[in-house]
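Novice: Numbered according to numbering that gives the first Met the number 0, the sequence shown spans residues 0 to 544.
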Amino acid sequence: MEGILYKWTNYISGWQPRWFVLDGGILSYYDSQEDAWKGCKGSIKISVCEIQVHSSDSTRLDLTIPGEQYFYLRAINAAERQKWLVALGTAKACLTDNRTKREKELQENTEALKTKMSELRLYCDLLLQQVNKIKDDDELGVAAESGIDAGNMVKSTCTTFLKTLEECMQIANRTFTPDASKQSPPASPPVAAIKPQKIKPVNQLRQRLGERCRDLSETDVTAHDTRSLDSGAGGRDEPDGPERQPLPSNMHTANGDNAMQEEKVDPLPPASQNTSRAEGTAAADDDEGQKETQRSAAAESGSEEPRQETLPDGEEADCEEDIFKDSAEPEEPVETFFSTMSHRFSDLKLDDDNGIPTQEFLDSCYAIVPVLDKLGPTVFAPVKMDFVGNIKKINQKLMSDPAVFPTLQSIVLHEVHGQVAEVRNSATEALLWLRRGLKFLKEFLSQVNAGERDIHAALNHAYGKTLRQYHGWVVRGVFALALRAAPSYQSFTAALVTTEGDELKSGFASGMRRDLSFYLPAMDRQLAILDALYEEYNLESDEVV
0 MEGILYKWTN
10 YISGWQPRWF
20 VLDGGILSYY
30 DSQEDAWKGC
40 KGSIKISVCE
50 IQVHSSDSTR
60 LDLTIPGEQY
70 FYLRAINAAE
80 RQKWLVALGT
90 AKACLTDNRT
100 KREKELQENT
110 EALKTKMSEL
120 RLYCDLLLQQ
130 VNKIKDDDEL
140 GVAAESGIDA
150 GNMVKSTCTT
160 FLKTLEECMQ
170 IANRTFTPDA
180 SKQSPPASPP
190 VAAIKPQKIK
200 PVNQLRQRLG
210 ERCRDLSETD
220 VTAHDTRSLD
230 SGAGGRDEPD
240 GPERQPLPSN
250 MHTANGDNAM
260 QEEKVDPLPP
270 ASQNTSRAEG
280 TAAADDDEGQ
290 KETQRSAAAE
300 SGSEEPRQET
310 LPDGEEADCE
320 EDIFKDSAEP
330 EEPVETFFST
340 MSHRFSDLKL
350 DDDNGIPTQE
360 FLDSCYAIVP
370 VLDKLGPTVF
380 APVKMDFVGN
390 IKKINQKLMS
400 DPAVFPTLQS
410 IVLHEVHGQV
420 AEVRNSATEA
430 LLWLRRGLKF
440 LKEFLSQVNA
450 GERDIHAALN
460 HAYGKTLRQY
470 HGWVVRGVFA
480 LALRAAPSYQ
490 SFTAALVTTE
500 GDELKSGFAS
510 GMRRDLSFYL
520 PAMDRQLAIL
530 DALYEEYNLE
540 SDEVV
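1. From what residue to what residue does the alpha helix (DSSP H) around Val20 run?
2. Give me the Cα-Cα distance between Ser516 and Ser445, rounded to the nearest whole angstrom.
3. With a floor of 3 residues, list each beta strand (DSSP E) that falls wholly inside the segment 55 to 109, ordered by position along the chain.
4. Ignore the nearest five residues each way along the sequence and tell me which others in Leu105's own chain have a CB closer than 7 Å to its CB.
5. Please list, in chain order, all residues of the same chain as Ala461 whose beta carbon is under 6 Å from its beta carbon, the five residues on each side excluded.
6. Determine the burial state of Leu119: buried for a count of at least 16 other Cβ atoms within 10 Å of its Cβ, exposed for fewer.
7. Per DSSP, which one or two residues make a beta bridge with Gln51?
8. Between which two residues does the beta strand (DSSP E) carrying Leu4 extend?
9. Where does Pro520 sit, in a helix, a strand or coil, going by DSSP?
10. Is the segment 494 to 503 touching the segment 147 to 155 in the sense that three or more CB pairs, one from each, lie closer than 8 Å?
11. Please state whether the Cβ-Cβ distance between Ile367 and Ile393 is less than 8 Å.
12. Would you call the segment 415 to 425 and the segment 525 to 533 touching, i.e. three or more CB-CB distances under 8 Å?
13. Here's a check: name, in chain order, each residue in its chain whose Cβ is nearer than 6 Å to the Cβ of Gly510, leaving out the five neighbours to either side.
14. Which of the three DSSP states is assigned to Ile355 in this structure?
15. State the start and end residues of the unbroken beta strand (DSSP E) segment that holds Gly41.
16. Measuring CB to CB, does Asp61 end up less than 8 Å from Gln51?
17. Is the segment 21 to 40 in contact with the segment 425 to 433, if contact means three or more CB pairs nearer than 8 Å?
18. In terms of DSSP beta bridges, what is Ile25 paired with?
19. Nearest-angstrom Cα distance between Ala78 and Asn389?
20. Per the DSSP calculation, Thr335 is bridged to which residue(s)?
21. Which residue from Met168, Leu87, Gln128, Asn537 puts its Cα closest to that of Thr114?
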């Protein structure tokens with residue numbers, strides 16, 4: 000069901016009309032029906048919310064998740080409210096009474112994953128204690144037998160730690176399947192999943208090369224004969240010219256069926272600088288006479304073979320280069336993921352005091368999330384969930400009072416003055432981790448834009464430079480396993496085109512460089528502004544998770 004409901008926003012704006020859509024047990028709302036393509040402004044899961052009818056207002060209904068979400072809604076009239084109550088009640092009953100097997104498995108796997116994570120933390124603490132004990136024993140000069148026993152204990156603990164870590168990854172793979180994790184947030188542009196295609200060989204270039212070179216060789220031989228005769232009759236001797244090299248004996252045509260078997264003929268000897276005018280004329284006449292005799296004899300016998308024309312050194316190469324230049328197709332402009340995004344950091348317009356607009360910034364963050372899907376929808380699912388979760392926390396703060404929080408700076412300063420900026424799950428903390436995640440993506444994309452074709456190496460470099468210092472042993476181990484599943488460069492780039500096969504075009508590489516060179520600097524500038532803000536109010540945290 001879908002339609003217009005009035006939603007309570009705040010005491011300044013009051014009730015505002017919004018376009019609501021109930022689908023799949025989720026009630027989502029948009030600014031208007033026309034703006035639905037931009038992505039929803041918020042949503043609530045019907046199966047876990049309470050549906051309340053107002054005691055005095057016949058058009059009002061409230062949807063609440065105690066302590067988390069509150070939707071205060073009002074229908075156009077009582078009859079319209081009744082339709083929504085029936086639709087919402089039916090959806091809630093179906094979802095509550097008929098929980099799918101997938102939901103049960105998800106809950107069980109989540110609990111199992113939490114248990115394994117607790118075990119990992121226990122083993123991590125135990126391992127640290129054992130290592131510290133070995134250090135203390137070494138300083139005190141304890142017997143070697145005791146050191147061997149301590150080493151065996153560390154080895155056993157490490158083995159158990161790695162085994163538990165592997166079980167964690169198996170549970171995560173079962174829980175975060177591609178079907179569940181590939182769903183990108185609203186306002187994410189479609190990205191085609193492309194399979195690499197082979198390029199068919201084209202023989203037209205070779206055929207054109209042969210024809211062009213034969214034409215040039217005939218023209219050159221005719222000009223050379225003329226110069227020889229003119230040299231003998233006109234007087235001035237020609238200087239020594241470069242040696243002439245014969246063309247290849249076999250030159251195949253485009254279809255490969257016909258070949259010209261050409262006889263190698265000694266090139267014309269250059270005239271000597273000290274030869275007299277008469278000797279030059281006689282040499283030219285004798286040479287022409289011998290050639291004419293040979294051609295006449297071959298014609299009479301009926302077995303005349305084609306003459307082999309030769310080109311001077313360098314001219315043959317020039318001929319081939321010209322053909323390649325003529326045949327080279329101009330690069331076609333290729334649209335990439337970054338040029339077709341619905342929202343980009345490069346499109347944001349900052350305020351006069353460098354204020355970053357909150358809604359546009361969050362939309363741009365949503366739009367870059369699909370990059371994580373292309374890196375690995377299963378292993379990067381926890382990273383994506385954390386990334387999107389931080390966006391939602393900031394969005395909830397914005398929706399609480401859009402007029403008060405037009406920029407990210409206004410949100411942070413509001414919480415700083417209220418002394419809640421460092422409270423867990425605050426919008427300021429969410430923006431801190433969102434900023435770190437964006438730095439990781441920016442560093443990775445910068446590596447790719449600089450020519451790095453090893454996706455694993457680019458990810459490892461970006462992680463070490465941005466997130467690693469804030470992660471403990473457990474998270475580092477999980478991330479290391481995720482890096483092993485990184486896609487190849489061909490698979491990753493194939494997922495960054497909007498039209499299948501564009502990654503094989505000559506203009507794809509230049510298109511990627513063009514878009515990233517425009518996109519990344521704007522992203523870097525906004526992150527630098529946030530860095531300065533957090534540094535000014537001492538909001539950076541060295542806490543390790």
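C-beta atoms are modelled at their ideal positions from N, C-alpha and C, and glycine is treated no differently. Remember, predicted model here, so these are calculated numbers, not experimental data.
Specialist: Concretely, from the data shown:
1. Within the sequence shown, residue 20 is the residue found at index 21, counting from 1. Val20 -> not in any alpha helix (DSSP H); beta strand (DSSP E) instead, spanning 13 to 22.
2. Numbered from its first residue, the sequence shown carries residue 516 at position 517. Numbered from its first residue, the sequence shown carries residue 445 at position 446. If I take the Cα positions, the gap works out to 9 Å.
3. 59 to 64, 68 to 73
4. Counting from 1 along the sequence shown, the entry for residue 105 is found at position 106. Excluding residues within five positions, the ones whose Cβ falls inside 7 Å are Thr174.
5. Start at 1 with the first residue of the sequence shown, and residue 461 comes out as number 462. Hits under 6 Å: Phe439, Glu442, Phe443.
6. Locating residue 119 in the sequence shown gives position 120, where the first residue counts as 1. Flag for Leu119 reads buried.
7. The residue labelled residue 51 in the question sits at position 52 within the sequence shown. According to DSSP, which records beta bridges pairwise, Gln51 is partnered with Asp61.
8. Position 5 of the sequence shown, counted from the start, is the residue given in the question as residue 4. Per DSSP, Leu4 belongs to the beta strand (DSSP E) from 1 to 9.
9. As a working mapping, residue 520 is identified with position 521 in the sequence shown. Helix.
10. no
11. Here residue 367 corresponds to residue number 368 of the sequence shown, with the count starting at 1. Here residue 393 corresponds to residue number 394 of the sequence shown, with the count starting at 1. No.
12. no
13. The residue given as residue 510 occupies position 511 in the sequence shown. Around Gly510: Val333, Thr335.
14. Position 356 of the sequence shown holds residue 355. Three-state DSSP puts Ile355 in coil, outside helix and strand.
15. By 1-based counting over the sequence shown, the position of residue 41 is 42. Here the beta strand (DSSP E) through Gly41 covers 41 to 44.
16. Counting from 1 along the sequence shown, the entry for residue 61 is found at position 62. Counting from 1 along the sequence shown, the entry for residue 51 is found at position 52. Yes. Within cutoff.
17. no
18. As a position in the sequence shown, residue 25 is number 26, starting the count at 1. DSSP, once it has assigned bridges, lists Asp22, Lys44 as partnering Ile25.
19. Residue 78 sits at position 79 when you count from the first residue of the sequence shown. Residue 389 sits at position 390 when you count from the first residue of the sequence shown. Whole-angstrom Cα-Cα distance: 39 Å.
20. One-based indexing of the sequence shown puts residue 335 at position 336. Answer by DSSP bridge pairing, in chain order: Val496.
21. Looking up residue 114 in the sequence shown gives position 115. Answer by Cα proximity: Met168.
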